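A short worksheet on the structure shown next.
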Amino acid sequence: MIDAQDYAEFSRFLSECCGLVLGENRQYLVSSRLSRLLNEFSFAKVEDLLKALRRAADPTLKSRVIDAMTTNETSWFRDNYPFEILRHLLLPELAARQKPIRIWSAACSSGQEPYSISMIVSEWEASVPSRTATISILATDLSESVLADARSGLYDGLSIVRGLTPERRQRFFDAVDNGHRIKPEIQRRVRFQKLNLMESYAALGKFDIVFCRNVLIYFSAETKRRIFDGIARQMDAGGYFFVGASEAVNSYTDAFEMLRTPHGAVLRRR
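Printed below as a string of structure tokens:
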């Protein structure tokens with residue numbers, strides 16, 4: 002078990018490096034998630050791992066610790082309504098502006114969200130008489146391991162069924178020996194990049210639509226405020242922002258207004 006001092010130090014490490022807030026009495030969670038790393042790196046206890054992190058002798062270790070402590074829960078077309086809004090309202094409106102459309106999927110995990118967005122774009126393009134806009138999707142995450150999974154575009158039998166209809170599976174995937182692989186025309190639209198939400202986003206450029214859903218619930222109020230303001234700076238007035246259903250953005254920034262649609266609610270940059 003982790004003593005109180007080591008737990009407090011590890012909590013500070015997570016908060017400072019990636020914004021995650023453990024809270025009190027989560028020692029068992031830390032022990033269970035780090036147990037494999039302790040064995041792999043031959044650490045007798047968490048105290049030894051913390052000493053190695055302070056020395057920063059192994060650049061891989063920090064990344065592996067973050068991977069172990071990050072929750073990468075995701076599914077295809079999660080909650081559905083953002084994708085309905087995207088297809089029926091946002092893509093037609095933005096395409097009418099006659100300029101490229103840029104979409105950012107932040108904290109994309111193993112790729113289900115950005116690939117779902119890309120499928121929606123393909124379905125929408127097939128429904129319009131002629132292609133009217135160039136659409137690109139940037140997908141970011143701080144975990145190297147889940148980004149590697151996302152870039153591969155390969156999903157096993159369990160992950161392929163969560164939120165994905167048989168029709169979309171048949172249309173947008175190729176069956177291979179060890180699972181299903183996303184089709185090249187869906188994959189080409191998405192670019193994956195490592196990014197820590199605690200860092201600057203200025204180099205990413207401006208976006209018309211941002212998805213940052215069901216991740217900031219694990220962050221402190223101060224960090225949420227900083228991230229929401231940072232995302233707002235990467236959007237021009239009239240851009241659209243999707244967050245998780247339980248995330249109250251207006252408690253932390255006044256950069257967005259709520260827009261209610263027949264398909265659900267979305268935030269719009271003021």
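In terms of this note's numbering, the sequence shown is residues 2 to 271.
Glycine residues also receive a C-beta, built at the ideal position from the N, C-alpha and C atoms.
Small disclaimer: the values here were computed from a predicted structure and weren't measured.
Discussion item. Under DSSP, the beta strand (DSSP E) around MET236 begins and ends at which residues?
Written reply: What you label residue 236 is simply residue 235 of the sequence shown in a count that begins at 1. From DSSP, the beta strand (DSSP E) with MET236 extends over 236-243.
Fill in: C-beta atoms of CYS213 and ALA107 nearer than 8 Å
On the sequence shown, residue 213 is found 212 positions in, with the first residue counted as 1. On the sequence shown, residue 107 is found 106 positions in, with the first residue counted as 1. Contact: yes.
Worksheet item: Between the region 253-261 and the region 101-117, do at least 3 Cβ pairs fall closer than 8 Å?
Response: no
Discussion item. For GLY245 and PRO185, I'd like the C-alpha separation in whole angstroms.
Written reply: The residue given as residue 245 occupies position 244 in the sequence shown. The residue given as residue 185 occupies position 184 in the sequence shown. Cα to Cα, GLY245 sits roughly 29 Å from PRO185.
Worksheet item: For HIS181, which residues does DSSP report across the bridge?
Response: For the purposes of this step, residue 181 is taken as the residue at position 180 of the sequence shown. Paired residues: TYR156, ALA176.
Practice prompt. Note down the Cα distance separating ASP150 from LEU62, rounded to an integer number of angstroms.
Written response: The residue given as residue 150 occupies position 149 in the sequence shown. The residue given as residue 62 occupies position 61 in the sequence shown. Whole-angstrom Cα-Cα distance: 19 Å.
Worksheet item: Should ASP142 go down as buried or exposed, given a rule of 16 or more other Cβ atoms within 10 Å for buried?
Response: Position 141 of the sequence shown, counted from the first residue, corresponds to residue 142. Result: buried.
Discussion item. On a Cα-Cα basis, can you pick out the residue from GLN171, LEU217, ASN197, ALA266 that is closest to GLU145?
Written reply: For the purposes of this step, residue 145 is taken as the residue at position 144 of the sequence shown. GLU145 has its Cα closest to that of ASN197, out of GLN171, LEU217, ASN197, ALA266.
Discussion item. For TYR8 and ARG172, I'd like the C-alpha separation in whole angstroms.
Written reply: The residue given as residue 8 occupies position 7 in the sequence shown. The residue given as residue 172 occupies position 171 in the sequence shown. Each residue's Cα considered, the two are about 48 Å apart.
Worksheet item: Which stretch, first to last residue, makes up the alpha helix (DSSP H) that contains GLN6?
Response: Working through the sequence shown from its first residue, we reach residue 6 at position 5. That run of the alpha helix (DSSP H) goes 5-19.
Worksheet item: Sorted by chain position, which residues of the same chain lie with C-beta nearer than 6 Å to TRP105's C-beta, five sequence neighbours on each side aside?
Response: Your numbering for residue 105 matches position 104 in the sequence shown. Within the same chain, TRP105 has close Cβ partners LEU139, PHE208, VAL211.
Practice prompt. Kindly identify the DSSP beta-bridge partner or partners of THR262.
Written response: For the purposes of this step, residue 262 is taken as residue 261 along the sequence shown, with counting starting at 1. Partner(s): GLY265.
Worksheet item: Between the beta-carbon of GLU248 and the beta-carbon of LEU217, is there less than 8 Å?
Response: Start at 1 with the first residue of the sequence shown, and residue 248 comes out as number 247. Start at 1 with the first residue of the sequence shown, and residue 217 comes out as number 216. Cβ distance < 8 Å, so GLU248 and LEU217 count as in contact.
Item to complete: Tell me whether PRO83 is buried or exposed, calling it buried when 16 or more other Cβ atoms sit within 10 Å of its Cβ.
Response: Taking the sequence shown and counting its residues from 1, the one referred to as residue 83 is at position 82. With 16 or more Cβ atoms within 10 Å of its Cβ, PRO83 is classed as buried.
Fill in: Alpha-carbon spacing of ILE187 relative to GLU94, whole angstroms
Residue numbering aside, residue 187 sits at position 186 when the sequence shown is read from its first letter. Residue numbering aside, residue 94 sits at position 93 when the sequence shown is read from its first letter. Approximately 22 Å between the Cα atoms of the pair.
Worksheet item: Which same chain residues, not among the five before or five after ILE136, have their C-beta less than 6 Å away from its C-beta?
Response: Walking along the sequence shown from the start, residue 136 turns up at place 135. Hits under 6 Å: ILE102, VAL122.
Fill in: Whether GLY180 touches PHE78 by CB criterion (8 Å)
The count along the sequence shown starts at 1 and reaches residue 180 at position 179. The count along the sequence shown starts at 1 and reaches residue 78 at position 77. No.
Worksheet entry | Contacting residues, own chain, Cβ-Cβ under 6 Å from ILE232 (five flanking each side not counted) | Residue 232 sits at position 231 when you count from the first residue of the sequence shown. These residues qualify, in order along the chain: VAL211.
Discussion item. In this structure, how does DSSP classify PHE84 when only helix, strand and coil are distinguished?
Written reply: The residue given as residue 84 occupies position 83 in the sequence shown. Looking at PHE84 - three-state DSSP - the assignment turns out to be helix.
Fill in: Rounded distance between the beta-carbons of ARG269 and GLY239, thought under 8 Å
Taking the sequence shown and counting its residues from 1, one reaches residue 239 at position 238. Taking the sequence shown and counting its residues from 1, one reaches residue 269 at position 268. The Cβ separation is near 7 Å, so the contact holds.
Worksheet entry | For PHE229, the three-state DSSP class (helix, strand or coil) | Translated into positions along the sequence shown, residue 229 becomes position 228. If DSSP states are grouped into helix, strand and coil, PHE229 belongs with the helices.
Worksheet entry | Three-state secondary structure assigned by DSSP to GLN99 | Start at 1 with the first residue of the sequence shown, and residue 99 comes out as number 98. Correct three-state label for GLN99: coil.
Item to complete: Would you tell me roughly how many angstroms separate the C-alpha atoms of ALA134 and ASP157, rounded to the nearest one?
Response: Residue numbering aside, residue 134 sits at position 133 when the sequence shown is read from its first letter. Residue numbering aside, residue 157 sits at position 156 when the sequence shown is read from its first letter. If I take the Cα positions, the gap works out to 33 Å.
Worksheet entry | Of the listed residues LYS225, ARG192, ALA176, ASP178, nearest to GLU200 (C-alpha basis) | Residue mapping note: residue 200 aligns to position 199 of the sequence shown, counting from 1. Of LYS225, ARG192, ALA176, ASP178, the residue nearest in Cα terms is LYS225.
Practice prompt. Starting from the C-beta of VAL31, find all residues in its chain whose C-beta is less than 8 Å away, skip the five residues before and the five after it, and write them out in chain order.
Written response: Along the sequence shown, one-based indexing puts residue 31 at 30. Only ILE3, TYR8, PHE11, LEU23, VAL47, MET70 meet the Cβ criterion.
Item to complete: List the whole-angstrom C-beta distance separating ARG182 from LEU159, where the pair is believed to meet the contact cut-off of C-beta under 8 Å.
Response: Counted from its first residue, the sequence shown places residue 182 at position 181. Counted from its first residue, the sequence shown places residue 159 at position 158. Contact flag wrong, Cβ pair sits at about 15 Å.
Worksheet entry | Status (buried if at least 16 other CB within 10 Å, exposed otherwise) for TYR241 | Walking along the sequence shown from the start, residue 241 turns up at place 240. With 16 or more other Cβ atoms within 10 Å, it is buried.
Worksheet item: Could you check where the beta strand (DSSP E) with SER137 kicks off and where it finishes?
Response: Looking up residue 137 in the sequence shown gives position 136. 136-142 is the span of the beta strand (DSSP E), which, as asked, contains SER137.
Item to complete: Check each candidate in ARG271, SER153, LYS100 and name the one with the smallest Cα separation from MET236.
Response: Translated into positions along the sequence shown, residue 236 becomes position 235. When only C-alpha atoms are compared, the closest one is ARG271.
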